[in-house]
Amino acid sequence: MSEISLYNRATKQLETEIVLGDAFVKLAYETPAKHILSWPMFAHAIVSRILGWYANTNCSKNRIQKTVRDLNIDMDDFIIPEQGFTSFNDFFARKIKPDARTFDGDESIIASPADCRMIAWQKLDGNTCIPVKGANFTLDKLLGPNRRNTAEQFEDGSLCVCRLCPADYHRYHYPANGKTIEAWPIKGKYHSVNPIALRQNLDVFTTNYRTVSILELDACGIVAYIEVGAFGVASIIQTHNESNFRKGDEKGYFAFGGSTIIMVFQNNRIQFDQDIIEYSKQGIETRILAGNQIATIQ
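All residue numbers for the sequence shown refer to my numbering, where the first residue is 57 and numbers rise by one.
In structure tokens:
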């Protein structure tokens, strides 16, 4: 069985990720039972909708304390309602205290959009396959049907995958100042985005349900910002309703489950931080908080 190693930028140490439902994920994706469990249990939308329904019920809040304990979540960073959380989804989409995450106003810095585990590629090879923990995909498939012209804008560009696990703060933000050009949803499945599942060579990022936003950042041009749903994620909620935005503005949040954000930059527009690139070359994700610097403008 495989473990998930990651580099914690804050502590500068390698650590092993605690996975919610670790045994079940491994059963579904790493054992002979995977052929029976992985598709009906993890990929079908109705399963995620049922879990989403349960996570919105009052009785689901009974799982909150155990989840906080099992995943070592530091609740000091979060706003806890006076009457407590009303459901597990209420807890999952919890808001953060204003001073708990800071976004540098320097326009030459690109910020992490979320608390996440990040892996990045400084320069893609045209529109060729991008290997992510065993899952390959291409830009035109990532952006959806009939989007070849859009994908061509990002050939030879830079890309980062920001994976959120259940322990993370699940609201996501804009990485810099700019405006939204267009956005669209893409129907799909609900595979897990856990690296254990990705190692099974599933085209998770091109077959899962996702939403695509094309942003124009003031400092570095056009960026594709993609939110990818996953097992248990019945909803991707967009909360920013205006076209213009500032760095750090909340863009939206994920309902219950693990989830992923992918950002694609045009060629020669940004330079990812060296530690992220070095660990990415080793196939190791870097644990980063929302607002942390991840790249600079070239």
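Each residue gets a CB set at the ideal place from its N, CA and C atoms; glycine is no exception.
**Three-state secondary structure (DSSP) of Leu93** = Model confidence at Leu93 stands at a pLDDT of 46, short of 50, so the residue's coordinates are unreliable; what they give is reported in the following sentence. Helix.
**Complete alpha helix (DSSP H) runs within the stretch 146-174 (minimum length 4 residues, chain order)** = none
**Request:** Would you check if the distance between the CB atom of Val320 and the CB atom of Phe210 is smaller than 8 Å?
**Result:** yes
**Message:** Applying the 10 Å Cβ sphere with the 16-neighbour rule, what's the burial state of Gly182?
**Reply:** Around the beta carbon of Gly182, a 10 Å sphere encloses fewer than 16 other beta carbons of the protein chains shown; the residue is thus reported as exposed.
**Request:** Look up Leu193 in the DSSP assignment and give the residues it is bridged to.
**Result:** Rather than Leu, the amino acid found at residue 193 in this sequence is Phe. For Phe193, which the question treats as bridged, DSSP gives the partners Ile186.
**Asked** For Thr113, which residues of its own chain have a beta-carbon under 7 Å away from its beta-carbon, when the five flanking residues on both sides are left out?
**Response** Ser143
**Message:** Using C-beta distances below 7 Å, list every residue in its chain close to Arg204, excluding the 5 sequence neighbours before and after it, in chain order.
**Reply:** Excluding the 5 residues flanking it on each side, Arg204 has same chain C-beta neighbours closer than 7 Å at Asp196, in chain order.
**Prompt:** Measuring CA to CA, which of Ala311, Gly213, Asp259 is closest to Gly277?
**Reply:** Gly213
**Request:** May I ask which residues mark the beginning and end of the beta strand (DSSP E) holding Gln294?
**Result:** 292-294 is the extent of the beta strand (DSSP E) around Gln294.
**Asked** Which residue's Cα is closest to the Cα of Ser61: Leu198, Lys245, Glu73, Ser299?
**Response** Glu73
**Message:** Is the separation between the beta-carbon of Ala351 and that of Gln330 shorter than 8 Å?
**Reply:** no
**Item:** Residue of Cys218, Ala223, Leu220, Val268 minimising C-alpha distance to Glu238
**Value:** Val268
**Prompt:** For the candidate residues Arg325, Thr342, Leu199, Ala286, whose alpha-carbon lies nearest to that of Thr316?
**Reply:** Ala286
**Asked** Which residues in the same chain have their Cβ closer than 7 Å to the Cβ of Phe80, if we skip the five residues on either side of it in sequence?
**Response** At Phe80 the pLDDT is 40, less than 50, meaning the model places this residue with poor confidence; the figure from the coordinates comes in the next sentence. If we look at Phe80 and ignore the five residues flanking it on each side, it has no Cβ neighbours.
**Message:** Using only CA atoms, which one of Trp177, Ala176, Asp126, Ala167 lies nearest to Pro222?
**Reply:** Checked all of Trp177, Ala176, Asp126, Ala167; the closest Cα to Pro222 is Asp126.
**Per DSSP, the bridge partner or partners of Glu283** = Thr267, Ile317
**Request:** Mind the definition here: the stretch 109-123 touches the stretch 150-158 only if three or more C-beta pairs lie below 8 Å; say whether that holds.
**Result:** no
**Request:** With distances taken Cα to Cα, identify the nearest neighbour of Thr184 among Ala176, Met131, Thr206, Thr194.
**Result:** Thr194
**One or two residues paired with Ile278 in a DSSP bridge** = Glu272
**Message:** I'd like the span of the alpha helix (DSSP H) that includes Thr67, first residue to last.
**Reply:** Note, Thr67: premise wrong, no alpha helix (DSSP H); not H, not E.
**Asked** What do you get for Ile344, buried or exposed, if any count of 16 or more other CB atoms within 10 angstroms of its CB means buried?
**Response** Ile344 is buried by the Cβ-count criterion.
**Prompt:** Ala111: beta carbon under 7 Å from a heavy atom of the ligand SAH?
**Reply:** As presented, the structure is devoid of all ligands, the ligand SAH included, so that no description of it is given.
**Item:** Pick from Glu163, Thr262, Leu199 that is closest to Gly347, judged by C-alpha positions
**Value:** Answer by Cα proximity: Glu163.
**Request:** Have a look at the DSSP bridge pairing and note the partners of Asn300.
**Result:** Lys235
**Item:** Beta bridge counterpart(s) of Cys218 as assigned by DSSP
**Value:** Met174, Ile317
**Prompt:** Whose C-alpha, out of Glu138, Phe141, Asp133, is nearest the C-alpha of Ala156?
**Reply:** Asp133
**Message:** Once the 5 residues before and after Ile175 are set aside, which same chain residues still bring their CB inside 6 Å of it?
**Reply:** Val217, Ser336, Glu341
**Prompt:** Just reading off the beta strand (DSSP E) that Gln349 is part of, what are its end residues?
**Reply:** For Gln349, the enclosing beta strand (DSSP E) covers residues 349-353.
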